[in-house]
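Let me begin by presenting the structure, written as structure tokens, before commenting on it.
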Amino acid sequence: MIAPSSPFAPLRHHNYRNMWLASLASNLGGLIQAVGAAWMMTALTSSENLVALVQASTALPIMLFSVVSGALADSFDRRRVMLTAQFLMLAASILLAFFAWSGWLTPWLLLSFTFVIGTGTALHNPSWQASVGDIVPRIDLPAAVSLNSAGFNITRSVGPALGGVIVAAAGAAAAFAINALSYFSLIYVLLRWQPNFPKNPLPRERLAGAVFAGLRYVSMSPNLGKVILRAFLFGVSAGSVLALLPIVARDILQGGPLTYGIMFGAFGVGGIVGAFLNARIREWLKSEEIVRTSFAGFALSAAVIGISTSNVVTFLALILAGVCWVVTLSLLNTVVQLSAPRWVVGRALSLYQTAAFGGIAAGSWLWGSWAEAISPASALIASSLLMLGGAAVGLRLPMPDFQSLNLDPLNRFVEPALGLEIQPRSGPIVIQIDYEIHDEDLPEFLSLMAERRRIRLRDGARNWALMRDLQIPEIWTETYHVPTWVEYVRHNQRRTQADAETTDRILALHRGDKVRVHRMIERQAIPATRDDVFHQPHIDPH
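Quick note, the sequence shown lines up with residues 37 to 578 if you use the numbering used here.
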């Protein structure tokens with residue numbers, strides 16, 4: 037288990053503190069803009085589906101582009117990626133304010149602008165969240181994730197109500213203009229920030245290869261798969277409340293933009309409570325118990341919001357919903373960060389966000405269509421039943437608990453001297469490793485090699501196989517391919533301290549002298565040339 041630190045410990049680190057404070061201002065503007073966009077859509081159209089699509093248009097880009105953004109976060113300067121995202125959102129917000137002030141907005145044009153702003157969010161978030169692990173020490177990481185949630189929900193508690201006042205008093209164009217101004221604080225902090233990211237001596241991965249490497253890593257990491265599944269289920273089901281909240285305020289509570297802002301603010305108040313209760317809750321309950329309880333609590337909230345016509349009852353239900361929302365998503369985010377090494381953490385977070393926000397986008401469309409076809413109340417009740425189903429999934433696929441895995445690089449690999457001159461892009465490279473294993477050790481050896489296979493494939497190996505010598509049965513050969521020599525070096529540099537246990541246990545079963553490693557380059561037999569020879573094997577103290 038990760039020992040909990042003080043909820044405010046990350047604020048001791050000035051880089052994190054500056055980014056956190058600047059994010060408060062930016063998030064406040066974003067929430068004011070969200071209220072303006074949602075309420076303007078209710079003025080532009082009577083379609084419940086189009087109103088719900090305002091939420092979907094912000095979440096959809098995160099689903100579509102987060103994987104690429106995660107690869108950019110792991111391969112490029114994260115500070116520059118974040119600055120690019122901020123300038124993109126600034127430009128879109130200025131244009132949105134101008135079009136609204138000019139009276140040129142249509143429902144689909146409004147959705148287009150919110151889509152572009154969501155695209156900027158998709159580009160920004162993986163780089164920012166991956167940077168948190170570089171700014172604060174590992175022990176403060178859960179508290180930093182909770183503080184990020186708390187900061188967002190501090191603004192969510194006042195931003196929507198403030199947005200409702202601004203929209204009611206000055207119109208949606210004013211809300212959009214305020215959002216445009218809010219980006220300058222974060223841009224200023226990013227321009228002054230001088231991060232000290234570790235230098236990678238290897239050439240940068242190609243974007244397509246980096247995306248595939250992230251997908252491969254997550255697919256070969258069972259714990260991350262469980263997190264992503266629950267994030268998607270939570271997004272699909274819980275997204276109903278935020279997507280339909282403008283309709284609830286307008287039709288069920290018979291209110292205006294101020295009512296909507298206050299109700300949205302209640303959700304934010306719950307988020308603040310949830311963020312500061314996170315550390316204590318994690319001491320009391322296991323991860324699966326927390327997620328299951330949050331699903332059930334959100335289901336209760338959605339059902340109450342669907343049937344209540346009382347402002348007070350709906351306000352209280354939204355506070356509970358906010359608590360469950362933040363507790364669930366911050367826990368899932370933290371598990372992802374603690375389960376992925378630094379070289380792939382941006383891509384792992386992006387896939388988690390793709391699942392969560394893809395679920396929100398799909399749920400917004402689903403529940404908006406349901407509300408338009410039947411009623412908002414029935415849509416909220418149906419979504420609450422789906423949330424209970426999401427809680428039940430944990431009976432078969434429970435969430436992993438926090439683990440204190442050391443995911444720092446193992447740094448045992450030393451690039452060997454080669455007898456054949458090759459280029460970094462030379463390949464394909466074939467690796468063969470010979471082990472001498474006695475019969476009494478075979479069950480343990482085969483079990484360990486199954487884990488070794490997962491680690492190899494997760495870190496970039498291809499065509500992994502384990503073979504036994506028919507003439508000398510004690511000899512077992514592990515073999516795998518990598519596309520190029522530089523990818524072979526990259527593959528070995530991805531090994532973590534947590535992987536060392538498997539390697540050490542395998543080596544302890546080896547009964548011969550040093551493990552023999554053959555590193556070879558494939559060549560065609562015809563036509564034969566001087567260069568078309570196999571690389572001679574090397575001895576490696578693996």
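By construction, the Cβ of each residue, glycine as well, lies at the ideal position given by its N, Cα and C atoms. If you're wondering where the values come from, they're calculated on a predicted model, not measured in any experiment.
Going by beta carbons, Ala415 and Ala427 fall outside the 7 Å limit. Under a 10 Å Cβ-count criterion, Ala206 is classified as exposed, with fewer than 16 other Cβ atoms of the shown protein chains found around its own Cβ. Ranked by Cα distance from Ile458, the first of Ser163, Leu177, Thr520 and Thr345 is Thr520.
In this structure, the alpha-carbon of Leu506 lies about 16 Å from that of Gln468. Taken atom to atom, the span from the alpha-carbon of Arg559 to that of Ala244 is near 26 Å. At a Cβ-Cβ threshold of 7 Å, Ile308 and Ala186 count as neighbours.
Annotation: the stretch 281–344 contains no complete segment of the beta strand (DSSP E) (minimum length 3 residues).
The Cβ atoms of Ala279 and Tyr296 lie no closer than 7 Å to each other. Between Ala208 and Gly72, the C-beta gap is smaller than 7 Å, which places the two residues in contact. Burial is judged here by how many other beta carbons sit within 10 angstroms of a residue's own beta carbon; Gly139 has fewer than 16 and is exposed. Contact between Val551 and Tyr471 holds, since their C-beta atoms are separated by about 6 Å, short of 8 Å.
Taken atom to atom, the span from the alpha-carbon of His527 to that of Ala376 is near 15 Å. Where Ile511 is concerned, the enclosing beta strand (DSSP E) starts and stops at Ile511 to Val518. A distance of 7 Å or more separates the beta carbons of Gln165 and Leu374. Taken through DSSP and simplified to helix, strand or coil, Ala453 comes out as coil. Pairing Ser105 with Ala158 gives a Cβ-Cβ distance under 7 Å.
By the Cβ-count criterion, Tyr52 is buried, with 16 or more other Cβ atoms from all chains shown falling within 10 Å of its own Cβ.
Per the C-alpha coordinates, the member of Ala497, Ala536 and Met503 positioned closest to Val522 is Ala497. Annotation: Leu57 to Val277 spans about 28 Å, alpha carbon to alpha carbon. Phe449 and Ala95 have their C-alpha atoms roughly 42 Å apart. Between the stretch 322–333 and the stretch 359–372, the count of Cβ pairs shorter than 8 Å is three or higher; the stretches touch. A contact is defined here as three or more CB-CB pairs under 8 Å, and the stretch 397–412 fails this definition with respect to the stretch 499–515. A direct Cα-Cα distance of roughly 18 Å separates Leu484 from Val553. Between Leu354 and Ala274, the C-beta spacing is not below 7 Å.
Counting of Cβ neighbours within 10 angstroms places Glu537 among the exposed residues, the total staying below 16.
In this chain, Val551 is not harboured by any beta strand (DSSP E), its DSSP state being neither H nor E. When secondary structure is reduced to three states using DSSP, Arg383 falls in the helix class. The Cβ-Cβ distance between Phe481 and Ile491 does not fall below 7 Å.
Using a C-beta cut-off of 8 Å, the stretch 130–149 makes no contact with the stretch 113–120, since fewer than three inter-stretch Cβ pairs fall below that distance. Cβ contact annotation for Glu510 (same chain, cutoff 7 Å, sequence separation greater than five): Glu472, Ile473 and His474, in chain order.
Around the beta carbon of Ala197, a 10 Å sphere encloses 16 or more other beta carbons of the protein chains shown; the residue is thus reported as buried. Closest option to Gly394, judged by alpha-carbon separation, among Met556, Ala246 and Ile98: Ile98. Going by DSSP, Met503 is part of the beta strand (DSSP E) stretching over Arg498 to Arg504.
For Thr78, the three-state secondary structure derived from DSSP is helix. Shown here for Gly65: same chain residues with a beta carbon closer than 6 Å to its own, the five before and five after excluded, namely Ile214, Asn215 and Ser218 in chain order. In the three-state scheme derived from DSSP, where H, G and I count as helix and E and B as strand, Asp176 is classed as helix.
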